[in-house]
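Worksheet: the structure to be examined is printed underneath.
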Amino acid sequence: MELRNIYHLYRRAAFGISPSEAKKLVSLSTEEVVDRLFRDSEEITPLTIDLPDFDELFEDGMQGRLRQLEKIIRENAPKHIDYNAAWFKKLCSSSEALNERMTLFWANHFVCRDQVIYYAIQYYNILRKNALGNFKDFTKEVAKAPSMMKYLNTNSNFKNRPNENFARELMELFTLGTGNYSEEDIKEAARAFTGYSSRMDGSFFLNMRQHDFGEKQFMGWNAYLDGDDIINIICEKKECAQFVCRKLYSYFVNTTVNGSHVNEMADVFYKAYDIKEVMRYVFTADWFYAEENVGTKIKSPVDLLTSIYRVVPFNFEQPRQQLFVQRLMGQALLEPPNVAGWPGGRHWINTNTLMVRMKLPSIFLGNGLIPSNSLGYAFMEGRSFGDRFNISKDWKAFDEEYGNLREEMLHSAICAPELEKGTLDLILKGSRFSKQEKSLQLMSVPEFQLT
Amino acid sequence: MKRRDFIKNSALASSFFLVPAFVKAMDMQLQLPQGFKRLVIIQLAGGNDGLNTIVPFRNDVYYRERPTIAIDRKDVLPMNDELGFHKNLAPLKKLFDAGELSVINNVGYPNPNRSHFRSTDIWHTASASDEFLNHGWVGRYLDTYGSEPYNAIEIGNSLSLIMQGESKNGVVARDASMLHKITSDPYFEQVLKYNTDQHLSEHNMGYLYQTMIDAKQSASYIYEKSKVTRSNFDYGKTAFGKQMKTLAEFINSRLDTKVYYASLAGFDTHANQAGKQDALLKDYAEGVSTLVADLKANNTFNDTLILTFSEFGRRVAQNAANGTDHGAANNVFVIGKQLKRPGLFNAAPDLTKLDKNGDLVHEIDFRSIYANIMEKWLEVLSEDLLGQAIRPVSII
Numbered sequence: 101m102e103l104r105n106i107y108h109l110y111r112r113a114a115f116g117i118s119p120s121e122a123k124k125l126v127s128l129s130t131e132e133v134v135d136r137l138f139r140d141s142e143e144i145t146p147l148t149i150d151l152p153d154f155d156e157l158f159e160d161g162m163q164g165r166l167r168q169l170e171k172i173i174r175e176n177a178p179k180h181i182d183y184n185a186a187w188f189k190k191l192c193s194s195s196e197a198l199n200e201r202m203t204l205f206w207a208n209h210f211v212c213r214d215q216v217i218y219y220a221i222q223y224y225n226i227l228r229k230n231a232l233g234n235f236k237d238f239t240k241e242v243a244k245a246p247s248m249m250k251y252l253n254t255n256s257n258f259k260n261r262p263n264e265n266f267a268r269e270l271m272e273l274f275t276l277g278t279g280n281y282s283e284e285d286i287k288e289a290a291r292a293f294t295g296y297s298s299r300m301d302g303s304f305f306l307n308m309r310q311h312d313f314g315e316k317q318f319m320g321w322n323a324y325l326d327g328d329d330i331i332n333i334i335c336e337k338k339e340c341a342q343f344v345c346r347k348l349y350s351y352f353v354n355t356t357v358n359g360s361h362v363n364e365m366a367d368v369f370y371k372a373y374d375i376k377e378v379m380r381y382v383f384t385a386d387w388f389y390a391e392e393n394v395g396t397k398i399k400s401p402v403d404l405l406t407s408i409y410r411v412v413p414f415n416f417e418q419p420r421q422q423l424f425v426q427r428l429m430g431q432a433l434l435e436p437p438n439v440a441g442w443p444g445g446r447h448w449i450n451t452n453t454l455m456v457r458m459k460l461p462s463i464f465l466g467n468g469l470i471p472s473n474s475l476g477y478a479f480m481e482g483r484s485f486g487d488r489f490n491i492s493k494d495w496k497a498f499d500e501e502y503g504n505l506r507e508e509m510l511h512s513a514i515c516a517p518e519l520e521k522g523t524l525d526l527i528l529k530g531s532r533f534s535k536q537e538k539s540l541q542l543m544s545v546p547e548f549q550l551t
Numbered sequence: 467m468k469r470r471d472f473i474k475n476s477a478l479a480s481s482f483f484l485v486p487a488f489v490k491a492m493d494m495q496l497q498l499p500q501g502f503k504r505l506v507i508i509q510l511a512g513g514n515d516g517l518n519t520i521v522p523f524r525n526d527v528y529y530r531e532r533p534t535i536a537i538d539r540k541d542v543l544p545m546n547d548e549l550g551f552h553k554n555l556a557p558l559k560k561l562f563d564a565g566e567l568s569v570i571n572n573v574g575y576p577n578p579n580r581s582h583f584r585s586t587d588i589w590h591t592a593s594a595s596d597e598f599l600n601h602g603w604v605g606r607y608l609d610t611y612g613s614e615p616y617n618a619i620e621i622g623n624s625l626s627l628i629m630q631g632e633s634k635n636g637v638v639a640r641d642a643s644m645l646h647k648i649t650s651d652p653y654f655e656q657v658l659k660y661n662t663d664q665h666l667s668e669h670n671m672g673y674l675y676q677t678m679i680d681a682k683q684s685a686s687y688i689y690e691k692s693k694v695t696r697s698n699f700d701y702g703k704t705a706f707g708k709q710m711k712t713l714a715e716f717i718n719s720r721l722d723t724k725v726y727y728a729s730l731a732g733f734d735t736h737a738n739q740a741g742k743q744d745a746l747l748k749d750y751a752e753g754v755s756t757l758v759a760d761l762k763a764n765n766t767f768n769d770t771l772i773l774t775f776s777e778f779g780r781r782v783a784q785n786a787a788n789g790t791d792h793g794a795a796n797n798v799f800v801i802g803k804q805l806k807r808p809g810l811f812n813a814a815p816d817l818t819k820l821d822k823n824g825d826l827v828h829e830i831d832f833r834s835i836y837a838n839i840m841e842k843w844l845e846v847l848s849e850d851l852l853g854q855a856i857r858p859v860s861i862i
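Put into C-alpha cells, the structure is as follows:
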C-alpha cells in the first residue's frame, strides 16, 4: 500500500499514524492494512472513570433515595471534565482507533447530552459497544438509553398525551431524513414509544400503565406496534440505509457527496445493516483514495487537536484548560450544540475559529509565536506569548519520529494535502529553522486545517 | 436529490440566484446608501412558545388546552384587554408603553416545516417552504452591497447560514482584542504574502485562505475602532448578556456594520417548560432592554432596529410532560424609534382556527417583514435580495 494512502486511511479511519508505523505497512496490500485496522478494534474496552459515590448508592439498593442521588449528581458535576480528558487521551492513544473514530461519528449522529455524568458514561459506552455492530440493534439500544430518553423526552411520553420529540428526531436525524415520513407517522410512532422508562441505575423498563397498547397506523402498517417494531419498519425502507450512508460518506470521505458512491454503500448496508461491512467497503474502495478525497476535508476541532498530538504528544496538566480550548473552537466532547449535532465541514471555520486554530500549535508547543523570517518575528523572538496554558510536551518523541525525515517526507507526514506552491516556498526559504521549528510552521498554515 | 440540483430544477428559483455575485456586482452601481442605519437580528433558537410569551389571557381555549402550563391571568402584564406580556418581559412592556416596540402576531409561512433545522434555514435564507437555498439573505446582501466582511457581524461562536453569501461571508466576532492579538502574528502576514492564486478557488483550501484574509482585515479594524468604547451598563453575567454588551460596544463605536446577528438558544421546551422559558425570557428581556438603554445613552438608538424571531411557535395544546411540541406561526418583535404602528401590530391569534396539526395558522409571511426592512431600513430593492417581488408589510 502506498504511503500516501496509508496516511489517508489512518487519518480518516483512525486518528493518524506515526511515520515509523506507516513505513512498516508499505509492504502490505490495502486489504491487509484495512484488515489490521478492523482487527485492532475487535476487542472493545469501555471508557469509565471512578464514580464511587454512584457505585455505592446503587449497590445499596438505592430505590427511593432520590434526594441522595440528587446530591451525588450535584457533587459529581465537575467529573465531566475528567471524562472529557480521559476520552481525548483515548482518541490519541488507544489501539482501538477505528472503533474510537466510529464512536465519535455516532456521538454526532445519535446526538445526546446528559449533565449527569454517570448516565452520560453509560451512553457513550453504548456507542462504543455498537460502533461497528448492527445499526438496527444499535438504534433500539439508543432509544432505551436513559440519557436519550431524558434528552428527547421519551421518559415523559405518556399514552394520554404523547410527546413527539423522540419520534420526530428518530426519523428526521437518526434514520430517514426529512421528506421520507409524514407528520402522521410522527404522531403514531410517538404512541409506540409511550411508557419508555428507566430505573435509577439506568436500566430500561416499559411502564405498562403509560404504554399505548392500541393499534398504530404507521407506514402502511395497521397493528399493535411497539418502539422496536417502529425501528424495524423504518429500517425496511431503503431510504434509511441511504440516509445513514450519506452521513457516513460526508464524514469519512467528502462533505461534497457523490450520489453514486453513496448508492453503492447503501446497497451493501441495506442487506443486514452491518456497520463493519459498509465501512470495510468504503476503506477498500478505489474512490476513497481518489485525489478529490485526500486532504480536502476540513478537520473538526477534535481532529485538529489529535493531529497536533500525532506530531508532538502533549498533555494538559489542568483538564479544565483543555475543555476551554475545545469550546473556543466550537467542539467540546460531551457538549453537542443540539440534537442535530455539529454540522461540520466549513461550519467549523469562521474568521474567529480559523485564526485560533492556526495559532494553537505555537501556543501549545512553542512560546506562542510562530517561527518566521519576518522582521516582526526577529523583534519579538525570545519573548513568551504562550504561558497561559500549563502543558507538558514530548519533543523527544517528535525527534525520534520526525527528526530524521527528509524535507518532503516531513511535509507529507504532517500536512494531508500537498502544499500550495507559495507555502512550499515560504517553508523552504526558512531553511535556517530546525525540524522542530519547521513542524510548527507546517502546523500553522491553512493546509494543516485539512485532512 | 442534491440541494443544488433541486434549485436548478425548481421553478420557484428565480434566475437571480444563478447569476454569480461578482457578475451582479459589475452590473450594478453598488454603494451603500447614505445615512447609516443598522439592523440587529436576534433569534430565539429552539422555537419559543409565543403563546406563553404574549399571553391570550382571556381566551378559554388557551386555558382549556393548557391545563398545567397556561400563564395565570394575574401573572400577565396586559397590553390590552386580550393579550399581555409574560411577567418576565416587564422590561419589554416599558418599551411597548414608550412606543418603541411592535409586536407582530401570527408570523410564519405557507406549509410550515416543523424541523428546527429546516425551519431555521427557511428563515435564514428567506426561502419558501419547498425551496432550498444555499445562501442566507444577509449573505446575499453582502454579496451585492457589502464592501468589507465586517459589514455584517455575528456575535457568537459560529457563522450562521443567514450570514453566508455566495462570494462574501459575514464575520464572527466575540472577543475583538483576542482576535486581534492572534491575527497579528507576523507569520500569517507571510503566509498570505506567499499565496496569491488560491484565493478564488471554490475548494476548501480557497475558503480557508479567503477566511484568513477576511479575518486579518476585520480583526484589526474592529479592534482599533472599538477598543476605546467600553460599556458601563450592567448586563449581568449570562452569556446572552455578554453578547448584548459586545453588541452595544460595537454599535456605539460606530463600526461600519449594517447587520448584526446573535442568538439565544434553549427554547425547545418539550418538557417542564415553565421554569426554562421563564429564565430564558428574563435573560432575553433584560439583555435587550439594557442594550436599548445603552444605545440611547450613546445616541445610536435612532439608527438601530432590532428584530427578534424564532424559527417556529409551539403547539396550542400542551403535552403530558408539561411542555409543548413544535408548532407553526409565532410572534415577532421589532424594536426601534421609527415604527409605523408601535404596540400591537395586528390581532391576536385565532385559537379556534388551527391547522390539522393543531397549530396556529400564519397571517403575515415573514418575508413581507424582511421586504419592509430591506426597503425602508437597509434601503435596497427587496426583490434583489428575495429573488421575487414580495409585498412589504408596513412596520417601519
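Quick note, the sequences are listed as chains A and B, same order.
Okay, so the first sequence: first residue is 101 according to my numbering, each after it adds one.
Okay, so the second sequence: first residue is 467 according to my numbering, each after it adds one.
Cβ coordinates follow ideal geometry from the N, Cα and C atoms, glycine included.
Does the beta-carbon of residue i have 16 or more other beta-carbons within 10 angstroms, so that it is buried, or is it exposed?
i: B/Leu625; result: buried
i: A/Tyr251; result: buried
i: A/Val126; result: exposed
i: A/Met308; result: exposed
i: A/Leu227; result: buried
i: B/Ala670; result: Looking at the sequence provided, one finds Asn at residue 670 of chain B rather than Ala. Under this definition B/Asn670 is a buried residue.
i: B/Asn579; result: buried
i: B/Tyr575; result: buried
i: B/Thr591; result: buried
i: B/Phe523; result: buried
Going straight from the alpha carbon of residue i to that of residue j, what length do you get?
i: A/Ala292; j: A/Leu166; result: 28 angstroms
i: A/Ala267; j: A/Ala516; result: 40 angstroms
i: B/Asn623; j: B/Val637; result: 10 angstroms
i: B/Gln509; j: B/Leu645; result: 25 angstroms
i: A/Thr453; j: A/Leu428; result: 7 angstroms
i: B/Gly741; j: B/Ile830; result: 30 angstroms
i: A/Gln317; j: A/Ser282; result: 12 angstroms
i: A/Arg581; j: A/Gly444; result: It is not possible to answer for residue 581 of chain A, since the shown part of chain A is limited to 101 through 551.
i: A/Asn265; j: B/Arg781; result: 12 angstroms
i: A/Glu336; j: A/Phe305; result: 26 angstroms
i: A/Leu505; j: A/Glu132; result: 26 angstroms
i: A/Tyr381; j: A/Asp329; result: 29 angstroms
i: B/Gln804; j: B/Ile862; result: 6 angstroms
i: A/Ile217; j: B/Val521; result: 38 angstroms
Identify the continuous alpha helix (DSSP H) that holds residue i and give its terminal residues.
i: B/Thr756; result: 739–763
i: A/Val134; result: 130–139
i: B/Pro652; result: 652–660
Residues in its own chain within less than 6 angstroms of residue i by CB, not counting five upstream and five downstream?
i: B/Gly565; result: Pro808
i: B/Leu771; result: Leu505, Gly802, Trp843
i: B/Met710; result: Tyr701, Gly753, Leu757
i: B/Lys559; result: Leu543, Phe551
i: A/Leu433; result: Asn184, Trp187
For residue i, which residues in the same chain have their Cβ closer than 7 angstroms to its Cβ, ignoring the five residues on either side in sequence?
i: A/Pro461; result: Ile408, Leu540, Met543, Ser544
i: A/Arg446; result: Ile398
Which same chain residues end up closer than 8 angstroms to residue i when comparing Cβ atoms and leaving out the 5 residues on each side of it in sequence?
i: A/Ser256; result: Asn263
i: A/Asp237; result: Asn230
Between which two residues does the beta strand (DSSP E) holding residue i run?
i: A/Trp321; result: 321–324
i: B/Thr774; result: 770–775
i: B/Val573; result: 567–574
Of the residues that make up the segment 265–283 of chain A, which ones have a beta carbon closer than 8 angstroms to any beta carbon in chain B?
Cβ contacts with chain B: Asn265, Arg268, Glu272, Thr278, Glu283.
Below 9 angstroms between beta carbons is the criterion; list the residues of the segment 580–605 of chain B that meet it against any residue of chain A, in chain order.
Going along the segment 580–605 of chain B in chain order, one finds Arg580, Ser581, His582, Phe583, Arg584 with a Cβ nearer than 9 angstroms to chain A.
Can you give me, in chain order, the residues of the segment 643–657 of chain B that have a beta carbon less than 8 angstroms from any beta carbon in chain A?
For the segment 643–657 of chain B, the set of residues with a beta-carbon nearer than 8 angstroms to any beta-carbon of chain A comprises Leu645, Ile648, Thr649, Asp651, Pro652, Tyr653, Phe654, Glu655, Gln656, Val657, in chain order.
Please list the residues of the segment 712–742 of chain B that have a C-beta atom closer than 9 angstroms to any C-beta atom in chain A, keeping them in chain order.
Residues passing the 9 angstroms Cβ filter: Ala731, Asp734, His736, Ala737, Asn738.
Interfacial residues, the segment 819–833 of chain B to chain A, with Cβ spacing under 9 angstroms:
Within the segment 819–833 of chain B, contact with chain A at the beta-carbon level (separation under 9 angstroms) is assigned to Lys822, Asn823.
Residues in the segment 453–480 of chain A having any Cβ partner in chain B nearer than 8 angstroms
Cβ contacts with chain B come from Thr453, Leu454, Met455, Val456, Met458, Lys459, Ser462, Leu469, Ile470, Pro471, Ser472, Asn473, Ser474, Leu475, Gly476, Tyr477, Met480.
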